[in-house]
Amino acid sequence: MAVLPLLIAPDPRLKLVSQPVARVDQRIQRLMDDMLETMYDLKGLGLAAPQVDVRERVIVIDISDKKKPETPQMPPLFMANPELVWLSEERGPYNEGCLSFPE
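Structure, rendered in structure tokens:
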């Protein structure tokens, strides 16, 4: 696995449209592994492929709390072509955590 370079806003490449993933093959699996390694290195919870200058619909997420081993730990999520199919009406405050928008 490798740590990939991260694009930081206002880099215009962050606004380019990503293409759907036709097939999750070894290349996409390696991309996902590298994205996860990058996300962990930067202390993030999620990372999208455009943030590492890849124009494909791929994201990785890990919301497990390693500081609290007594809580149930979930494995990381690897997604190709994710879509929102439902949104809760409930809203709550949360600090922005996008790695491409530091501080």
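First residue of the sequence shown? That's 364 in the working numbering, and the numbers climb one at a time after it.
Glycine is no exception: its CB is placed at the ideal position from the N, C-alpha and C atoms.
Item: Beta carbon of Met437 nearer than 9 Å to that of Asp425; Value: yes
Item: Close beta carbons around Ala411, own chain, < 6 Å, minus the five adjacent residues each side; Value: Ile422
Item: DSSP three-state assignment for Val415, whether helix, strand or coil; Value: helix
Item: Assigned secondary structure, Met395 (DSSP; H/G/I helix, E/B strand, else coil); Value: helix
Item: Val384 vs Asn444 beta-carbon contact at 9 Å; Value: yes
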